[in-house]
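So for the sequence shown, the UniProt record's numbering puts the first residue at 1; every next one is plus one. We treat Cβ as the ideally placed atom computed from N, Cα and C, and that holds for glycine.
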Amino acid sequence: MSLPPQTKQWITSQDGLSNLTQNTAPLPIPGPSEVLVKINTIALNYRDTEVIMGLYNHHRTTGGPPPSIVPCSDMCGTIITSHSALWTAGDKVLSIFNQTHLTGQIKAPHMKSGLGLPLPGVLAEYRVFPEYGLVRKPGYLTDEQACTLPIAGVTAWMALNGMRPLGQHGGKGETVLIQGTGGVAVAGLVTAKASGAEVIITSSSDEKLRMARELGADKTINYRSTENWDEEVMKMTGGEGADIIFENGGAQTLRRSFDCVAFGGLIDCIGYLSGKEDAPGDRLNTNVLALLRNVTLKGILNGPKERFEEMLAFYEEKQIRPVVDKVFPFEESKEALIYLFKGGHFGKVVIKSVYRVPNSFEMATSNNIQVNLGNPHGGIGAHGCIDVHQGTDEKALTISFQRTIRVPDNKTTYKLPPGLGNFPLYNVCHFKDTMPESMALKGGAFMPVHDREGLWINFESTRPFAVKVYLGGINAISGEPIMETFATALRRAKLVKEKKAIQDYVVVDPANQGQLWLDGIAKLNGKVMQFVAVPSGTGYTVESQISANDAVNGIQISITPIKPGATISINVQRLNGAGWCFQAYENDTVFKLMLDAAKHFGTPVEQLSFLFNHHRLEKRRLLSHYGINFGSTVSMVLNLVGGGYIQNPNFTNAEGEMGIAAGGLIQQSILPDPHPKGAWDGEKTSMFNVQLLNAACFYNVTGTPAPPSPVTAASYASAGLPFYSIPNEQSSGIKGVFSDIKSIAQLDKEKKGTKTLDRNINFRTVELDRSSPASFRPVADLEAQIKALGILSQLG
Numbered sequence: 001m002s003l004p005p006q007t008k009q010w011i012t013s014q015d016g017l018s019n020l021t022q023n024t025a026p027l028p029i030p031g032p033s034e035v036l037v038k039i040n041t042i043a044l045n046y047r048d049t050e051v052i053m054g055l056y057n058h059h060r061t062t063g064g065p066p067p068s069i070v071p072c073s074d075m076c077g078t079i080i081t082s083h084s085a086l087w088t089a090g091d092k093v094l095s096i097f098n099q100t101h102l103t104g105q106i107k108a109p110h111m112k113s114g115l116g117l118p119l120p121g122v123l124a125e126y127r128v129f130p131e132y133g134l135v136r137k138p139g140y141l142t143d144e145q146a147c148t149l150p151i152a153g154v155t156a157w158m159a160l161n162g163m164r165p166l167g168q169h170g171g172k173g174e175t176v177l178i179q180g181t182g183g184v185a186v187a188g189l190v191t192a193k194a195s196g197a198e199v200i201i202t203s204s205s206d207e208k209l210r211m212a213r214e215l216g217a218d219k220t221i222n223y224r225s226t227e228n229w230d231e232e233v234m235k236m237t238g239g240e241g242a243d244i245i246f247e248n249g250g251a252q253t254l255r256r257s258f259d260c261v262a263f264g265g266l267i268d269c270i271g272y273l274s275g276k277e278d279a280p281g282d283r284l285n286t287n288v289l290a291l292l293r294n295v296t297l298k299g300i301l302n303g304p305k306e307r308f309e310e311m312l313a314f315y316e317e318k319q320i321r322p323v324v325d326k327v328f329p330f331e332e333s334k335e336a337l338i339y340l341f342k343g344g345h346f347g348k349v350v351i352k353s354v355y356r357v358p359n360s361f362e363m364a365t366s367n368n369i370q371v372n373l374g375n376p377h378g379g380i381g382a383h384g385c386i387d388v389h390q391g392t393d394e395k396a397l398t399i400s401f402q403r404t405i406r407v408p409d410n411k412t413t414y415k416l417p418p419g420l421g422n423f424p425l426y427n428v429c430h431f432k433d434t435m436p437e438s439m440a441l442k443g444g445a446f447m448p449v450h451d452r453e454g455l456w457i458n459f460e461s462t463r464p465f466a467v468k469v470y471l472g473g474i475n476a477i478s479g480e481p482i483m484e485t486f487a488t489a490l491r492r493a494k495l496v497k498e499k500k501a502i503q504d505y506v507v508v509d510p511a512n513q514g515q516l517w518l519d520g521i522a523k524l525n526g527k528v529m530q531f532v533a534v535p536s537g538t539g540y541t542v543e544s545q546i547s548a549n550d551a552v553n554g555i556q557i558s559i560t561p562i563k564p565g566a567t568i569s570i571n572v573q574r575l576n577g578a579g580w581c582f583q584a585y586e587n588d589t590v591f592k593l594m595l596d597a598a599k600h601f602g603t604p605v606e607q608l609s610f611l612f613n614h615h616r617l618e619k620r621r622l623l624s625h626y627g628i629n630f631g632s633t634v635s636m637v638l639n640l641v642g643g644g645y646i647q648n649p650n651f652t653n654a655e656g657e658m659g660i661a662a663g664g665l666i667q668q669s670i671l672p673d674p675h676p677k678g679a680w681d682g683e684k685t686s687m688f689n690v691q692l693l694n695a696a697c698f699y700n701v702t703g704t705p706a707p708p709s710p711v712t713a714a715s716y717a718s719a720g721l722p723f724y725s726i727p728n729e730q731s732s733g734i735k736g737v738f739s740d741i742k743s744i745a746q747l748d749k750e751k752k753g754t755k756t757l758d759r760n761i762n763f764r765t766v767e768l769d770r771s772s773p774a775s776f777r778p779v780a781d782l783e784a785q786i787k788a789l790g791i792l793s794q795l796g
């Protein structure tokens, strides 16, 4: 990945949230034993608002604050350049709050290394870190979840375990009282519950208390309606009190904490949300109160690196997932901080750094995954598909977008419409001077589509992938936003409780007859609402119906490869006795091995077949399926059968950005993931953006004619051409939260006063053999008939 010469960052002069400003700075260069990190996500803490407002005074132990500074301390990022033996490019990492606090109790010198004051913070696109100032990100967490851990997670961990020896965390059988529902409080709740403790939560909001119970809180108290909440705690604990108290309130809650702590208990002083001044008339005699119950009163200022790593091991063992309340884009950092300061959040508030648009569509990364536009497709700069390269496999996954018939939108469920050829794909950066500005800034690829044109997505692969499809940032399977929130976690928890599917991706897997295509949003069990292109800003898109605006538009695709498994050596023997030893993974497909052999021996891959134990190997199966392991020998024979890519000859390309709306119903099931837990390599996930350009303005952008208008359903049916079905396809139960999504015809009825839905049309049906390599839904075999009937040139 080419690096930009500058990085965006937010700067504060510690004179108020409204005065936070964004500027650019030269890209920092790492020195010896340092690394350059691309910051992906930033978690906010109440401390950050104090720093920006000039109210944070711990810096007094360090000699005073700088005049201006980049705020914030908690981030998750990817190492881009490493000058360290400890880290390599591509490693996902988390920041340590006090960079030099590596072990033991915190000392004043450690405070001089605090990120976001006195050291520059992480509210930037890039930052250089010393090799010791980072820890490795747990692979099972998203970047949004992981970035919340440096302060909130570690502070909660220290409140629970800081008084215990390293490696001897407790919690079982203890009662923990936690005040509030902010970042540290919610982190304490999920950690204490995973430790086996009983947890009591206090809050002034009944709704937040409900959410706390959803997360596992055993008992809850509304301190606004129950003023003497300390007495309630004593009742709940049978007069014993709480063993550990997260004292987040400060001056106006500390006295009540003393009155409900257990004998020999611990009060962790973490925050001061009720202020720093004592309540009027309530002067604490801390000495007497501590002696009465043999109480330990301890201030918690985060923890050392060794404790952070101890916590991460516990999190991974228990699969704890931090709670994210809301995610803001980098450009809205000021709004995010104001949102946090107002105190309405439950859990953490996160900022997501927007990926800088590269100078080409290629998005090579150090995790061995590369995404390219593939298959030249007529016209200057046109491509027919997107190729995902993995290692030496240049077509590990191929994704194409298919023109199709828009099915009637009338509540009738139709079979699978045909593929009428690939949409041509173009690199945005090649046309950035003529594209609409909103599209040029987003980068990626684009394709021309007509208003209300139907489309579907085709997948072909040589190895398994998990693929998420987003429509303007809305997941096409689950209906959830790409930036997940606590509401997302709650909905998932409810589905799990009801024993319903929570899968939000399709599995493209040649060995297990995975998802070959996706035609629409998974609104109903075994049925999807067709993908239909509409102009942005009309109120018809899936994005606008869920998010109330069209900000993202287009289609975003996230791909995650399967973990490769063990490395094996395989001997490929030719009939003449010559052979070669190939390195492979046990989860590689037979076709992957065929590609390697074809390249080595100089034989077209379509002419090869492999035999093992006298059985012909199916190219879509995994090597492990046949028991092929280290040292196995397979025989390579020639299979002189030709094959080739069939292009649509008619594709060659004026105002506006388009999004995806929901059309008529199509019978299609989202296939369940057959792989075991932990099979997918989340650390190697890549995402790319495909924008939709209105075909009416395509000529103005590219200087070439737009594709012809789509064929209507009526014309297609009258020509006697078929739709397709898969025999014995079972409904999987996988569907999203699309209950409020309305189809185009329904919205037409509301907005335009249309009286009826589309009329019903009967189509001839042809069954597809799902196991066949040629299970693509073609009309290629009917091209002559279509051309003779002239329907490709008919207007839609």
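The beta carbon of His-110 sits closer than 7 Å to those of Asn-98, Thr-100 and His-101, all from its chain and outside the five residues before and after it, given in chain order.
According to DSSP, residue pairing for Tyr-699 in a beta bridge does not occur.
In the structure shown, Tyr-626 adopts helical secondary structure according to DSSP, grouped into three states. Judged by DSSP in its simplified three-state form, Leu-721 adopts coil rather than helix or strand. Inclusion of Ala-662 and Val-542 in the CB contact set at 8 Å is warranted, their separation being smaller than that value. Here the region 581–593 does not lie against the region 702–709, with fewer than 3 beta-carbon pairs under 8 Å apart. When rounded, the separation of the alpha-carbon atoms in Arg-491 and Gln-503 is 12 Å.
Burial check for Ile-29: the Cβ neighbour count within 10 Å stays below 16, so the residue is exposed. In this structure Pro-418 is not in contact with Gly-664, their Cβ atoms being roughly 15 Å apart against a cut-off of 8 Å. Residue environment analysis places His-600 among the exposed positions, since fewer than 16 neighbouring C-beta atoms fall within 10 angstroms of its C-beta.
Pairing Cys-147 with Cys-76 gives a Cβ-Cβ distance under 8 Å. Burial of Lys-523 is indicated by the presence of at least 16 other C-beta atoms within 10 angstroms of its C-beta.
Runs of beta strand (DSSP E) with 3 or more residues, each lying fully within the region 199–229, are found at 219–222, listed in chain order.
Secondary structure at Cys-429: helix, using DSSP grouped into helix, strand and coil. Partner residues in the beta bridge of Ile-559, as assigned by DSSP, are Val-467 and Ser-686. DSSP places Phe-423 in the coil class of the three-state scheme, outside both helix and strand. For Met-636, the three-state secondary structure derived from DSSP is strand. Residue nearest to Val-428 within the set Asn-372, Gly-733 and Gly-627 is Asn-372 (criterion: CA-CA distance). Distance from the CA of Ile-670 to the CA of Gln-730, rounded to the nearest whole angstrom, comes to 9 Å. Rounded to whole angstroms, the separation of the alpha carbons of Thr-237 and Lys-172 is 15 Å. Between the beta-carbon of Gly-188 and that of Ala-159 there is about 6 Å, and that keeps the pair under the 8 Å contact cut. The closest CA to that of Leu-416, considering only Gly-659, Leu-516 and Tyr-126, is found on Leu-516. Across the set Pro-672, Pro-564, Arg-574 and Asp-259, the C-alpha of Pro-564 shows the shortest separation from the C-alpha of Leu-622.
A contact between stretches requires three or more CB pairs, one per stretch, nearer than 8 Å, and the region 758–765 meets this requirement with the region 712–726. Proximity to Val-323 across Phe-486, Gly-121, Asp-15 and Ala-251 peaks at Phe-486, based on C-alpha coordinates. When the alpha-carbon of Arg-452 is set against those of Thr-462, Ser-536 and Leu-44, the nearest one is in Ser-536. Beyond the five residues adjoining it in sequence on each side, Gly-54 comes within less than 7 Å, by CB distance, of Gln-14 and Asp-15 in the same chain, given in chain order.
Residue state for Arg-256 is assigned as helix, using DSSP reduced to three classes. Per DSSP, Tyr-126 is one residue of the beta strand (DSSP E) stretching across 126–130. Of the residues assessed, Ala-695 falls on the buried side of the cut-off, its CB having 16 or more other CB atoms within 10 angstroms.
By the Cβ-count criterion, Phe-688 is buried, with 16 or more other Cβ atoms from all chains shown falling within 10 Å of its own Cβ. Asp-393 and Asp-387 have their C-alpha atoms spaced approximately 10 Å apart. Within 10 angstroms of the beta-carbon of Arg-164 lie fewer than 16 other beta-carbons, which makes it exposed. In terms of CA proximity to Ile-734, Tyr-505 leads the group Tyr-505, Leu-747 and Phe-591.
Between Thr-488 and Thr-685, the gap from beta carbon to beta carbon reaches 8 Å or more.
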